[in-house]
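The numbering of the sequence shown is the numbering used here, which starts it at 408 and goes up by one.
Below is one structure, written out as structure tokens, with a few remarks after it.
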Amino acid sequence: MENLPEEQQPPKRFYPPNIHGSGRFRRKVVIRCTWEQFSSHNFAVRIWDAEHSFQICIPSGQPSRMPLIQESCSEYTYGLGLPSHGTHRRESLRAMPIAYIDVPQQLEFPADGADRHAVLTAPYLVVDGVDTPLGYNTILRTGQRARREEEFPFGQVLDESMSPIYEVNAAGLPNKSNVTFSHYADFTSLLQVEDKLFSFVHFESPVPSAMYLMELAQNLYTCQLTAISQQPVDWSAWGGLWTPCAGSVTPWGTHLGSEEYEPNALGLVAANTTDELENFSDVKGITDFLRYYGVYEANVSMSEIQDLFNPYRYGHATELTAFYNGSYQAVKHYSMGRQSYELPYVMPDNVTVYSTDDGENTMLTMFKASTPSDLSCGTLYGAAFTQLSSEDGGNFTIEWLDMGEACDEEMRAYAENSTFLDIFSWVPYDNTSSPSCPAGFTAINAGAPNGAECLRLQPGMEVVASRLETRRYLAYIGGTTEFTKWEGLTFAPSHGEFGKIYTSMSRIENSMEDFGKQGKNSSHYDEGGRNSIRLPWNRCGCVYQLDIDESYMATTMYPLICGNNRTNTDANNKCDINSISAPDNIAMLQGHNELIIGEDTSDHQNDAVWLYNFDTKALRRVETTPYGAEATSAYWYENINGCAYWVSVVQHPYGESDQTKISELASTGTPLPLH
408 MENLPEEQQP PKRFYPPNIH GSGRFRRKVV IRCTWEQFSS HNFAVRIWDA EHSFQICIPS
468 GQPSRMPLIQ ESCSEYTYGL GLPSHGTHRR ESLRAMPIAY IDVPQQLEFP ADGADRHAVL
528 TAPYLVVDGV DTPLGYNTIL RTGQRARREE EFPFGQVLDE SMSPIYEVNA AGLPNKSNVT
588 FSHYADFTSL LQVEDKLFSF VHFESPVPSA MYLMELAQNL YTCQLTAISQ QPVDWSAWGG
648 LWTPCAGSVT PWGTHLGSEE YEPNALGLVA ANTTDELENF SDVKGITDFL RYYGVYEANV
708 SMSEIQDLFN PYRYGHATEL TAFYNGSYQA VKHYSMGRQS YELPYVMPDN VTVYSTDDGE
768 NTMLTMFKAS TPSDLSCGTL YGAAFTQLSS EDGGNFTIEW LDMGEACDEE MRAYAENSTF
828 LDIFSWVPYD NTSSPSCPAG FTAINAGAPN GAECLRLQPG MEVVASRLET RRYLAYIGGT
888 TEFTKWEGLT FAPSHGEFGK IYTSMSRIEN SMEDFGKQGK NSSHYDEGGR NSIRLPWNRC
948 GCVYQLDIDE SYMATTMYPL ICGNNRTNTD ANNKCDINSI SAPDNIAMLQ GHNELIIGED
1008 TSDHQNDAVW LYNFDTKALR RVETTPYGAE ATSAYWYENI NGCAYWVSVV QHPYGESDQT
1068 KISELASTGT PLPLH
């Protein structure tokens, strides 16, 4: 290979298998050819895709099947066999990745005792035919520093001046000896910036919310990742950050995040006291958030809330860019609509973005950017579903309703200067009269605490309504706002004619039932609405698949796999322990035809991460989390400098259940020393 030009030289080093998060692996490709054609020569095999090209020399007399390391290859990559000496002959070769990662020994559900306090993984995976040890590798935990001189430890919550926020004492005043930390790390991105690697981590709770930027060192021999610095992200230009949940990495290398459970803007104009506000909004969440402005509970009045808290600043997709010098840019995309974002996900065309909407009476939206790789302007669509069947999770067709084109700058100006009543007129829904809404008003049911509402759109406010009151506006124009706990979303480009979307619904209940609530009769979630979704209650949830057309628009939705509560259950596990329960974050293992499924469940005592194999239909448990924890941020990075990373985040151990278990000797909840 000394005779090859520098740009055609192979990688300088081959990387051995390793672990990060739930795994880090080397990339491998198998070149298959008819060896008799080349037996008398040494050959250089060239492999390339759109971005990479290198050659590897194959000596004569080698077997006809030979594994080769590759830097980056698309799913089907073609190469040329070129004699390294003498007359050049061109032969077509096909380079194909190994079909899947095998889990020959799945992780068993943890038994009582120390196993239920630990992060456990399957002992090993078979990656490209090689046994690869599997383990969970921690980068940072809440309260740690990457360097001693850093001012704020990882996960500390700060106010608009980047000063500490304090816990509230019994009198509603700040307890200056008890600063606020978040134990709710959620989506964690890995972003390559030239030869550096960065990671944004956002923390879901409490409000105001925290986000941190880490710079990571990558060991190119072992693939190990180590935090070498971390710093808080400043959101003061945007009024702070509200409940970020899941996220994704854009094809152009930015962190695409979310703000979940957007505050109800109606309450800020319909209520005159904080007691009345309770009928519309989470008052505790709003008063907690006011700590961002230095106002603590004892001093909060309704007028203080109305003066300081603008609900239209929150409930947006967020995008963050890391720069080589360690700085960053943070923006909110008002162009994409306001909702209870679980996550936005960009399709391979760099134009189409799907966004899931968490909560009750929720929806699916699709954004088409006006310019590829630029989310500042675009057209927003909302889905209208038609149910074809109610069996096994249902079967649906999808129509898309155009909600107009808008840009960040214009919609942000409306958000800063508008109230709910500038967009809609509102009167309470009266189910004792017929009709239940006055003339000129339309009945909707779009997730408000009181259920059904009567709305009338203010003249000329269609586009503003579509961006600041997206769910209400979609219901108003005939879209579907009847889903429950719509969570993760990912894409498989090689499935189906044009690819397939996979998405998770943690529970099939309430607004997805036919005038029901967890199997019992209830009108709360359906009256005033269209009742388009009519499914039997399934507390264990489903992962769905969506077919798309050539323009990446989804046309149908039907289940891939659903959990069940009929078998393998007990008092602490209401869903089958050998199947999914409340699927949440999901991610395709691109190039391996498998799907990662993470849980956020109270119906498995220990939440699990699963690997679903599309070829064999096998579902294998590969990770479990401690008591009361959620498995978040499931994500697969196929190739970062020759290493593949499977990221998994353990959120709030002992937080949502089994809080008393933290006092047991085997608890993993004790603090780590600061570095």
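Just so it is clear, CB atoms sit at the ideal spot from N, CA and C, and this is done for glycine as well.
Model, not experiment: these values are computed from the prediction.
How many Å lie between residue i and residue j at the Cα?
i       : j       : result
Tyr628  : Cys1050 : 10 Å
Gln631  : Ala553  : 15 Å
Gln997  : Val510  : 17 Å
Asp1014 : Tyr880  : 36 Å
Ser825  : Gln865  : 12 Å
Gln1100 : Val608  : Since the displayed the chain opens at 408 and closes at 1082, residue 1100 lies outside it and no answer follows.
Ser762  : Leu514  : 32 Å
Gly789  : Gly660  : 26 Å
Ile805  : Thr887  : 10 Å
Val600  : Ile1047 : 11 Å
Asn585  : Asp983  : 41 Å
Pro751  : Tyr1052 : 21 Å
Ser655  : Ser1009 : 25 Å
Tyr813  : Ala855  : Going by the sequence as given, residue 813 is Ala instead of Tyr. If I take the Cα positions, the gap works out to 25 Å.
Phe561  : Tyr619  : 7 Å
Gly923  : Tyr883  : 22 Å
Gly1005 : Val1054 : 11 Å
Val871  : Met818  : 7 Å
Ala791  : Tyr965  : 15 Å
Ile1069 : His1011 : 18 Å
Ile908  : Thr839  : 42 Å
Ser710  : Gly801  : 47 Å
Val1084 : Thr759  : In the structure as shown, the chain starts at 408 and stops at 1082, and residue 1084 therefore has no counterpart that could be examined.
Thr1031 : Ala705  : 41 Å
If contacts are defined as beta-carbon pairs under 8 Å, then residue i and residue j qualify, I think. What distance do you get, rounded to the angstrom?
i       : j      : result
Gly744  : Ser918 : Not confirmed; about 19 Å, so no contact.
Phe610  : Ala592 : 6 Å
Gly867  : Ser911 : About 38 Å; that fails the 8 Å criterion.
Glu556  : Glu667 : Actually they are not in contact, since the Cβ atoms of Glu556 and Glu667 sit about 34 Å apart, beyond 8 Å.
Thr1039 : Asn992 : 6 Å
Who does residue i pair with in a DSSP beta bridge?
i       : result
Tyr619  : Val608, Pro639
Leu771  : Thr763
Leu663  : Ser655, Glu726
Glu574  : Asn582
Cys982  : Beta-bridge pairing links Cys982 to no other residue.
Glu1001 : Leu996, Asn1020
Arg1027 : Leu1018
Tyr735  : Ala729
His740  : Ala724
Glu806  : Ala791
Asn945  : Ile915
Phe890  : Thr769
Leu864  : Phe831
Tyr1042 : Val1054
Ile1047 : Cys1050
Glu1006 : Pro990
Would you mind working out which of the options sits nearest residue i, comparing C-alpha positions?
i       : options                          : result
Leu673  : Glu894, Phe831, His902           : Phe831
Thr595  : Glu704, Ser939, Ile546           : Ile546
Ser708  : Thr694, Tyr719, Arg720, Ser780   : Thr694
Pro845  : Pro856, Ala853, Glu860           : Glu860
Asp954  : Met770, Leu675, Thr962           : Thr962
Leu875  : Phe610, Pro560, Lys739           : Lys739
Ile572  : Tyr543, Lys1024, Val564          : Val564
Phe905  : Val702, Thr877, Glu957           : Glu957
Ser688  : Phe922, Arg878, Asn857           : Asn857
Tyr836  : Phe827, Ala822, Asp829, Ala853   : Ala853
Met773  : Ile968, Met818, Asp809           : Asp809
Pro943  : Met964, Gly936, Cys969           : Cys969
Ser1064 : Tyr1042, Ile987, Arg1027, Asn980 : Asn980
Val676  : Val834, Glu894, Ala1025, Arg973  : Val834
Can you give me the Cβ contacts of residue i inside the same chain, cut-off strictly under 7 Å, excluding the 5 residues immediately before and after it?
i       : result
Glu1001 : Tyr507, Ile508, Leu1018, Tyr1019, Asn1020, Phe1021
Ala644  : none
Tyr735  : Leu620, Val640, Leu727, Thr728, Ala729
Pro702  : Here residue 702 is Val; the residue named in the question, Pro, does not match the sequence. These residues qualify, in order along the chain: Glu711, Leu715.
By Cβ distance below 6 Å, which residues in the same chain neighbour residue i in space, the five residues on each side in sequence not counted?
i       : result
Gly1062 : Gly1035
Gly692  : Val614
Asp933  : Phe922
Leu771  : Ala790
Leaving out five residues before and five after residue i in sequence, what residues of the same chain have Cβ atoms less than 8 Å from its Cβ?
i      : result
Phe588 : Thr549, Gly550, Pro560, Gly562, Gln563, Val564
Ser742 : Phe774, Leu782, Ser783, Cys784, Gly785, Leu787, Ala813, Cys814, Asp815, Met818, Arg874
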